[in-house]
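J.:
There are 2 protein chains.
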Amino acid sequence: MKDLIKLVDEHLDKYLPVIYPEDIFKAMKYTLSLPGKRLRPIFCLETTRMLGGDMMKAMPTACAIEMLHVQSLIHDDLPCMDNDDFRRGKPSNHKVFGEANAVLAGDALLTYAPQTIMEKSTELSSEQLLKIIYEYTKFAGAYGLIAGQVVDIESEGGKYVKSPEETLDFIHLNKTAVLFRLAVRCGAIIANAPDDVINEVDNFAKKFGLVFQIYDDIMDEISTFEEMGKTIGKDKNSGKLTYVSLYGLEEAKQKFNSMLEDCYDIISKYDSSIIKEILESLKHRISGV
Amino acid sequence: MKDLIKLVDEHLDKYLPVIYPEDIFKAMKYTLSLPGKRLRPIFCLETTRMLGGDMMKAMPTACAIEMLHVQSLIHDDLPCMDNDDFRRGKPSNHKVFGEANAVLAGDALLTYAPQTIMEKSTELSSEQLLKIIYEYTKFAGAYGLIAGQVVDIESEGGKYVKSPEETLDFIHLNKTAVLFRLAVRCGAIIANAPDDVINEVDNFAKKFGLVFQIYDDIMDEISTFEEMGKTIGKDKNSGKLTYVSLYGLEEAKQKFNSMLEDCYDIISKYDSSIIKEILESLKHRISGV
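Sequences listed follow chains W and B, in order. 1 is the number of the first residue of the first sequence in the numbering used here; add one for each residue after it. 1001 is the number of the first residue of the second sequence in the numbering used here; add one for each residue after it.
(1) Please classify residue 1093(B) as buried or exposed, where buried requires at least 16 other C-beta atoms within 10 Å of its C-beta.
(2) Over what stretch of residues does the alpha helix (DSSP H) that includes residue 156(W) continue unbroken?
(3) Could you check whether the stretch 1248 to 1262 of chain B touches the stretch 1170 to 1180 of chain B, counting it as contact only if at least three pairs of C-beta atoms, one from each stretch, sit closer than 8 angstroms?
(4) According to the Cβ coordinates, are residue 966(B) and residue 1167(B) closer than 8 angstroms?
(5) How long is the line joining the alpha carbons of residue 1131(B) and residue 1195(B), rounded to whole angstroms?
(6) Run down chain B in chain order and give the residues with a C-beta less than 7 angstroms from the C-beta of residue 138(W).
(7) Listed from N- to C-terminal order along the chain, which residues in the stretch 186 to 207 of chain W have their beta-carbon within a distance smaller than 7 angstroms of any beta-carbon of chain B?
(8) Helix, strand or coil: which one does DSSP assign to residue 1060(B)?
(9) Compute the beta-carbon to beta-carbon distance between residue 64(W) and residue 117(W), rounded to the nearest angstrom, for a pair I have assumed lies under 8 angstroms.
(10) Taking the alpha-carbon of residue 273(W) as reference, which of 84(W), 144(W), 254(W) and 42(W) has the nearest alpha-carbon?
(11) Do you know whose CA, among 119(W), 87(W), 271(W) and 178(W), lies nearest residue 210(W)'s CA?
(12) Once you ignore the five residues that flank residue 269(W) on each side, which residues in its own chain have a CB closer than 7 angstroms to its CB?
(13) Check the C-beta distance from residue 1078(B) over to residue 1135(B) and give it rounded, since I have them as a contact under 8 angstroms.
(14) Run down chain B in chain order and give the residues with a C-beta less than 8 angstroms from the C-beta of residue 75(W).
(15) Between which two residues does the alpha helix (DSSP H) containing residue 1030(B) stretch?
(16) Quick check: what's the CA-CA separation for residue 48(W) versus residue 190(W)?
(17) Please decide whether residue 28(W) counts as near chain B, where near means a Cβ-Cβ distance under 8 angstroms.
(18) Are the CB atoms of residue 24(W) and residue 108(W) nearer to each other than 8 angstroms?
(19) Assuming residue 266(W) contacts residue 204(W) (C-beta within less than 8 angstroms), just tell me the rounded distance between them.
(20) Check each residue of the stretch 1062 to 1094 of chain B: if its Cβ is closer than 7 angstroms to any Cβ of chain W, include it; give the result in chain order.
(21) Output needed for residue 128(W): all residues of its chain with C-beta closer than 7 angstroms, excluding positions within five of it in sequence on either side, in chain order.
(22) Is there a C-beta anywhere in chain W that falls below 8 angstroms from the one on residue 1112(B)?
(23) By the 10 Å Cβ neighbour count, where 16 or more other Cβ atoms means buried, how is residue 35(W) classified, buried or exposed?
(24) Identify whether residue 1088(B) lies in helix, strand or coil by the three-state DSSP scheme.
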């Protein structure tokens, strides 16, 4: 796991050289290079590997998905959004580079990600590239990540059109699960997996995304700034819809455990010690709560 | 020209249906549907047509380039950027939908544009699609539009590393010319034009982009809100680097005329009454100044 994180970090650094005008590249690189668990790129790489593909062929796409993730973090932290001063334990992007550059750094990452896929994936076919880029554009935008974020913001004001349960699931299927789905779907495409396998790992990623979000909501309730590297208790204090606020801590934990079992069921068919290790570490931390 | 604008407007509307969550699609559609001259899509369509291709095959790409243009307008108008309350004569996006939704609407358009190209360009080959998407990602981001915007913001604070002349050209080659370049390059790719023709129309677009910016700077100096549909005299008042502030009105007009002649020289080889009409209308308005 540590080796994989290091490998991803090295490629993220290599794929984004700082050229003129340096300010924008520095702002893009700043949040991108903050230490992270790199779960999304690792899911992409591991999916390619466990489905019999060459993991290194997936590296540009894996890194592009991390760029997209970081783009969403930079914009989410903006004063007009979640107004968060810290990210991964450090001052957030707009605190260092100013709001204008943080907006632009996010914009730039949003197209630099597919640019990287196209420039660096020299061993993929045109058909694979087009499929990957299409998944990227769909999941990154108003049919994915942005849809989740918009409904999240609406829900904060108590303004939502579906039921609270449906709204909460919609937010996190789009805001959280979508990036894991993108990661495993692209990983499977790179391994030339058939459609039924793509759908199965996609189903895993949907469930994992929700498990991961419930984990995050529980941690936001009980964790510390030092542990999470970001402001804690904020969602609770802002009256935001979360799995803990909607279902209570106990039922949230039950949901977590039950969906985590579903994840184990699906992934047990495949040979991935890394993904099992990730599931184990979430399980371990929640069991101590 | 009017028929072309109407055709583009109809397709922009058709390509972006409003679905759940409606707020984001409405915000995207709002600025996109404000009446505009649609110069960039028209350049794309006309380039395909004058190079012997089927204009309608270029429609999704032409509309995608307008989406990118509108994305840049929405983000440029934000309070943390140019802080402009009006656009195309109407309240700007964040004045209607709030800052958070305006940031997200811009983000969403940035990936909805290539998504549209891939979904609607059913008659283009995979190779053509990949070329177009690659040009899009490069010109939209830190190697294009965003680079121009970042240096523009820096220049406002008088903080730039190159000479004022070089800085001003860099800003507008990237901020303004880049979208015209993207339009004609993609138009030429769709017409299956050879590389030397792509380079020639690209060269035209570079010059046209600068001509268009000098025109805009002169108009910002002497025009009215009613005529331009946006706040006037702002660049001058903010001490921004413009062709008029750097060279004076007379020399700016000379530059305009000389580069416009270069544009005529290149485009005279091709049969495009529409592009000539656009050049004529700029010439006419500046000659009256």
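Beta carbons: idealized from backbone N, C-alpha and C, even for Gly.
T.: Answer, in terms of the structure:
(1) The residue given as residue 1093(B) occupies position 93 in the second sequence. The residue in question, residue 1093(B), is buried, as its Cβ has 16 or more Cβ neighbours within 10 Å.
(2) Taking the first residue of the first sequence as position 1, residue 156(W) is located at position 156. For residue 156(W), the enclosing alpha helix (DSSP H) starts and ends at 145 to 156.
(3) no
(4) No statement about residue 966(B) is possible, as the shown extent of chain B runs from 1001 to 1289 and does not include it.
(5) Along the second sequence, read from residue 1 onward, the residue named residue 1131(B) stands at position 131. Along the second sequence, read from residue 1 onward, the residue named residue 1195(B) stands at position 195. Annotation: residue 1131(B) to residue 1195(B) spans about 12 angstroms, alpha carbon to alpha carbon.
(6) Taking the first sequence and counting its residues from 1, one reaches residue 138(W) at position 138. Within chain B, the residues near residue 138(W) are 1115.
(7) none
(8) Counting from 1 along the second sequence, the entry for residue 1060(B) is found at position 60. It is helical.
(9) Here residue 64(W) refers to the residue found at position 64 when the first sequence is read from its first residue. Here residue 117(W) refers to the residue found at position 117 when the first sequence is read from its first residue. Their Cβ separation, rounded to whole angstroms, is 5 angstroms, which keeps residue 64(W) and residue 117(W) in contact under 8 angstroms.
(10) On the first sequence, position 273 is the one that residue 273(W) refers to. Of the candidates 84(W), 144(W), 254(W) and 42(W), the one whose C-alpha sits nearest the C-alpha of residue 273(W) is 42(W).
(11) Position 210 of the first sequence holds residue 210(W). Its Cα nearest to that of residue 210(W), the residue 178(W) stands out among 119(W), 87(W), 271(W) and 178(W).
(12) Position 269 of the first sequence holds residue 269(W). Excluding positions up to five away in sequence, the list is empty.
(13) Locating residue 1078(B) in the second sequence gives position 78, where the first residue counts as 1. Locating residue 1135(B) in the second sequence gives position 135, where the first residue counts as 1. With 8 angstroms as the limit, residue 1078(B) and residue 1135(B) do not qualify as a contact, their Cβ atoms being about 26 angstroms apart.
(14) Counting from one through the first sequence, the residue named residue 75(W) turns up at place 75. Against residue 75(W), the close residues of chain B are 1103, 1104 and 1107, in the order they occur along the chain (beta-carbon pairs closer than 8 angstroms).
(15) By one-based count along the second sequence, residue 1030(B) stands at place 30. According to the DSSP assignment, residue 1030(B) belongs to the alpha helix (DSSP H) that extends over 1022 to 1032.
(16) Counting from 1 along the first sequence, the entry for residue 48(W) is found at position 48. Counting from 1 along the first sequence, the entry for residue 190(W) is found at position 190. Straight-line Cα distance between these residues: approximately 6 angstroms.
(17) By one-based count along the first sequence, residue 28(W) stands at place 28. It does; some Cβ of chain B falls within 8 angstroms.
(18) The residue you call residue 24(W) lines up with position 24 of the first sequence. The residue you call residue 108(W) lines up with position 108 of the first sequence. In this structure, residue 108(W) lies closer than 8 angstroms to residue 24(W) by Cβ.
(19) Reading the first sequence from its first residue, position 266 is the one you call residue 266(W). Reading the first sequence from its first residue, position 204 is the one you call residue 204(W). About 4 angstroms separates the two Cβ atoms, so the contact holds.
(20) 1075, 1078, 1080 and 1081
(21) Against the first sequence, residue 128(W) aligns to sequence position 128. If we look at residue 128(W) and ignore the five residues flanking it on each side, its Cβ neighbours are 189 and 190.
(22) Within the second sequence, the letter at position 112 stands for residue 1112(B). Interface residue, yes.
(23) Taking the first residue of the first sequence as 1, we reach residue 35(W) at position 35. Burial call: exposed.
(24) Translated into positions along the second sequence, residue 1088(B) becomes position 88. Coil, per DSSP.
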